[in-house]
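The structure under discussion appears below in the form of structure tokens.
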Amino acid sequence: MSTAVVDPAQATRLRRHYRRRHLLSRTALYTAAVLAALVCAGPFGYGAITALKLNADLYDASNNPFVFNEPATLDHVVFLFTDTAFATFVWNTMWVGLLVVAITLALAVPAAYALTRLDRPWAGPMGIAIFFVYLVPPTLLFLSLSRLVVATGLQDSTWSLVLIYPTITIPVSTWLLIGFLKALPRDIEEQAMVDGYSRLGAFTRTVVPLLFPGVVAIVVFAFTLVASEFIYALAFVSPSSEKVVSTGVPTELIRGDVFFWQSLQAAGVLIAVPIALLFNLLLARFISGFTQGAVKG
Amino acid sequence: MSSRATAPQGSPLRQLADREGFLAWAMLLPAVVYIVLVVAVPFGLAVAFAFSDVTAGDPSYDWVGLRNFARIFEDPVFWKALGNTFVFTAVSMALIIVLGKVLANILVADFHGKWVVRFLVLLPWTTPVALSTVAWLWLYDSVYSPIDWVLRNLGLIENHLYFLGRPELATASVIAVHVWRLVPLAAVIMMVGLLGIPTDVQDAAKVDGVGFWRRMFEVTIPLTMPLIAVAALFGAIFTFTDMAVVYILTRGGPTNSTQVLSSWAFIVGIEGGDIGQGAAIALFLFPLLLAAAVLILRAVRKIEVF
Amino acid sequence: MTVAVEVRDLHKSFDRGRVHAINGVDLATGEGEYLVLLGPSGCGKTTLLRIIAGLEQPSAGEVLIGGSVVNGLPPRVRKIAMVFQSYALYPHKTVLGNIVFPLKAQRLDNGQRPDKAQRRSKAEWSAELLGISHLLDRKPRQLSGGERQRVALARALVRDPQVFLLDEPLSNLDAKLRATARDELRRFQQRVGTTTVYVTHDQAEAMGLGDRIAVMDAGTVRQLGPPAEVYDDPADTFVATFIGSPPMNLVPRDGVFVGFRPEHLLPPEYVSGARITVPFEVERIEYLSGDRHAYGSVSRLGEQTRVVARLPATVTTPLAGGQTHEFAVATRRLCFFDASSGLRTDPVAVGA
């Protein structure tokens, strides 16, 4: 055991070996990262180029599709706002999203609190039941829901989506909120109760404010879900003034076999980027909610 | 404890605010009622419709027994759709696991410009499915596809590939979009697992003299298995139930060769107006979803062990 | 004395130089020595250990193991073994799986990997040595804290390391277990005779285990020496007050601190040789496992200062709070520190 770890000559050789390996692994990492980013964002990048092309440039199969062979133009982006109902779709998506988020929070926050903190014996099975609901897909329900929508007189109205979307957002939001709640120390609300607040008072005055960061994450997540939904929106709403982005863009900008390609791509990029940015800001919080919710506590 | 001393002073309302049993129900009930009304009832209805002759034009309910099922079983498109649903799901799940794992490893590594890469990598998942599929529709265009252009200029092909015009290529195209949009989600879920491994354990493996691959297969993967399973099953469920990708890319074509259960149910039930038959088709999704859900829960349960 | 581990002028900063964890540390351990790095949390001791292990790279300076520079080499070729504070057992592997794991990556002298039987017999040997042979099939979560610690040690042992690096391995054990575990750890090291670097914030562990102690604060080594020297002859006021419980009394006097240990402030009849008597105004008395701790203040030595006297059970002089007693300190027990730098200085005459 008294021999040296490695003799100096060997150490130098090893050091060179590991420096080269380190360099190699860094190169591999950067290559992989760039490649992944390219593959993931490529369709949008290509969409952005397409959106700014003149028809003469775009519809010439011999042109290099990745560069501007003619000057770029904003015409098709302007067209999107002036000659299509795109602005209406965005507006519809916004207010439907915000209303759905509000309903979701109003129902999911108390439900998550009841499931995590009030120590009912049925809390466990109920949590599982809620998780199962999250997995029931629109595909299974849209036919019977369409009858329901007709029965309530909401067919062809964006309000039908306000009514139905919370079924998608409530289960998953509750699940995530359970995670956030488990990460909050119980001591704080117990302190509030000792300080003279009722159980309900402790909830509204200590838990709700502390839950705020989690709530922000839920708002973004629920909004993303609403904006992405396709089947219900397609099945229940057909007038173009009532459509949302996810159905309006592919149905109104593709008329028969006429595709407004530049405007279509512009719409995609304009919607995709802000949502991804928001999501990215909250990714860490979202991840922590996911893990905490998964671990029974 | 003296009951006199602790008797609540306030109104009956205040007393209720302290009764946990009451509170628990009061807080949970709205959510449960909502979900029962808008999920459980329609679900029951969906099952009932499958045994009825309800159509968009004639919404009156008449029991027809198994007639809808008999009719869809005779329809070769149904069998094609059922098979496709499985093929799409199985192939994309396998690809999602492998690529998701690779992407997760990239996302947890430390490098310059990480924020930008994360943002770009999340795009496919956060963008509304319909819009990203439209972006792909343009990439797959029969005449102006840039993929075609690159292959042509590399001299690999002579003519256009017609991605969505040939059954095998259309199938591959649909699967590619599913994989592309779900890999980021899977990667994020797996990242959760990787971040959950105690640093000490990873350091211990380094000190123990273990190389990258052995560390990956003997430490990282076993420790993150539950979340890998969750990612895989989420990927499977989303592919299994999605109809937007198929509907926008191919509408099930060419000649129903990429039809899946959900798109077929939509086309028969909403566009064709035969709600009873559409419901019967959609019902075939259910047993498999149930199995997937149970598996996810099993995997989630295991997370706590570590 | 051959040198096993050495660090030369080591620096480490985090956050692009905004946080300095280690500020110029020079240390060397002898072959087979038990060196303890002792310091409060955040003093850089764990960072130093991780740099020696190769888990962190130093910002400047050199690390030598067995006489050759190992900077830039990954942990696995440094022939070290480490026990982490949390023990870092692989939760999905059995005890045997944990101990065998490092062996799977190892190469024997002939360049071959040990086969399964070799690995197994090596693991059994180390388990035997640590008395955990009966636990080989268990999973880590089925073990007690003390058992986990032994598994971690067994896993470290099979690597035949040139150096053991131990990062607070006892801090997760309860107080009762800690004393016996400390004793076992010391006997174990004596048996295998491997050089050990041991990080702790617990001075009792440091005193009990170390051949030498390096007292660290704010990324520097304040004093390096055998336990008795560090205790009796502290290099500065930090060491004087960090070590000892209760800590050394420091009485300010004309730009110096006059320091003496609580157990050296005694009634005059118990102090032999040259001594200095001081009036001790006792405020209150605590009884702690036979000893009496008297809290009060002394004058005459310097400014009136609050001090503690620790009286062993053999001192039977009756004391009561609120009274002033004549106490004494042996002159040779006094230490003097410069008030501004905190470093030891020459003795000054103190009023008799």
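Protein chains in written order, with the working numbering: chain A, 1 to 297; chain B, 1001 to 1306; chain C, 2001 to 2352. Here a beta-carbon is modelled for each residue, glycine too, at the ideal position from N, C-alpha and C.
For LEU29 of chain A, no Cβ of chain C is located within less than 8 Å of the residue's own Cβ. Contact of PHE131 of chain A with chain B is assigned, a C-beta pair being separated by under 8 Å.
Proximity of chain B to ILE275 of chain A at the Cβ level (cut-off 7 Å) is accounted for by THR1126 and THR1127, in chain order.
For ARG2016 of chain C, there is no enclosing beta strand (DSSP E), as DSSP marks it with neither H nor E.
Only residues of its own chain outside the window of five on either side were considered, and among them LEU2334 and PHE2336 have a CB closer than 8 Å to the CB of PRO2347 of chain C, listed in chain order.
In the DSSP assignment, VAL2197 of chain C is bridged to C:LEU2035 and C:LEU2165. In the DSSP assignment, ILE1096 of chain B falls within the unbroken alpha helix (DSSP H) covering 1076–1108. The beta carbons of LEU2038 of chain C and ALA2214 of chain C sit closer together than 8 Å. Here PRO213 of chain A is exposed, its C-beta having fewer than 16 other C-beta atoms within 10 Å. With contacts defined by Cβ atoms closer than 8 Å, VAL2083 of chain C and ALA2152 of chain C form a contacting pair. Taking C-beta separations shorter than 6 Å and ignoring five residues to either side along the sequence, the partners of VAL2278 of chain C in its chain run VAL2298, ARG2300, LEU2301 and PHE2327, following chain order. The shortest CA-to-CA distance from SER241 of chain A to any of A:TRP91, A:PHE259, A:VAL149 and A:HIS17 is the one to A:TRP91. Taking CB atoms only, GLY2030 of chain C has no neighbour in chain A less than 8 Å away.
Nearest neighbour of GLY2030 of chain C by Cα position, chosen from C:VAL2007, C:THR2046, C:THR2002 and C:ASP2233, turns out to be C:THR2002. Of the candidates B:LEU1103, B:ALA1048, B:PHE1022 and B:GLY1211, B:ALA1048 places its Cα closest to the Cα of LEU141 of chain A.
By the neighbour-count criterion, in which 16 or more other beta carbons inside 10 Å mark a residue as buried, TYR59 of chain A falls on the exposed side. VAL2069, VAL2070, ASN2071, GLY2072, LEU2073, PRO2074, VAL2077, ARG2078 and LYS2079: these are the residues of the stretch 2069–2081 of chain C whose beta carbon lies less than 8 Å from some beta carbon of chain A, given in chain order.
For the pair LEU2089 of chain C and VAL2258 of chain C, the Cα-to-Cα distance works out to about 48 Å.
Residue-level contact by beta carbon holds for LEU2055 of chain C and chain B, with a gap shorter than 8 Å. Of the candidates B:ILE1270, B:THR1127 and B:ALA1170, B:THR1127 places its Cα closest to the Cα of SER228 of chain A. Using a Cβ-Cβ cut-off of 8 Å, ALA2105 of chain C is close to ASP1208, GLY1209, VAL1210, GLY1211 and ARG1214 of chain B, given in chain order. Looking at the DSSP output, GLY2225 of chain C sits in a beta bridge with C:ILE2213. With distances taken between CA atoms, VAL207 of chain A lies nearest to A:GLN191 out of A:PHE221, A:VAL220 and A:GLN191.
About 12 Å separates the Cβ atoms of ALA1172 of chain B and SER1257 of chain B, ruling out a contact at the 8 Å cut-off.
Here the stretch 256–270 of chain A makes no contact with the stretch 140–154 of chain A; the two share fewer than three CB pairs at distances below 8 Å. Around the CB of GLY2042 of chain C, fewer than 16 other CB atoms lie within 10 Å, so the residue is classed as exposed. According to the DSSP assignment, PRO2114 of chain C belongs to no beta strand (DSSP E), since it is labelled neither H nor E. For TYR2295 of chain C, the uninterrupted beta strand (DSSP E) segment begins and ends at 2291–2298. Under a 10 Å Cβ-count criterion, PHE1163 of chain B is classified as buried, with 16 or more other Cβ atoms of the shown protein chains found around its own Cβ.
The beta carbon of ILE178 of chain A sits closer than 7 Å to those of ALA112, LEU115, THR116, GLY127 and GLY293, all from its chain and outside the five residues before and after it, given in chain order. In the displayed model, CYS2043 of chain C falls within coil according to three-state DSSP, outside both helix and strand. Ranked by Cα distance from VAL67 of chain A, the options B:VAL1098, B:TRP1136, B:VAL1150 and B:GLN1015 are led by B:VAL1150.
Interface residue (Cβ-Cβ distance to chain C less than 8 Å): TYR18 of chain A is classified as such. For TYR59 of chain A, the chain B residues whose C-beta falls within less than 9 Å of its own C-beta are VAL1143 and TYR1144, listed in chain order. Per DSSP, ALA222 of chain A is one residue of the alpha helix (DSSP H) stretching across 212–228. Neighbourhood of ALA2088 of chain C in chain B, by CB distance below 8 Å: PRO1198, ASP1200, VAL1201, ASP1203 and ALA1204, in chain order.
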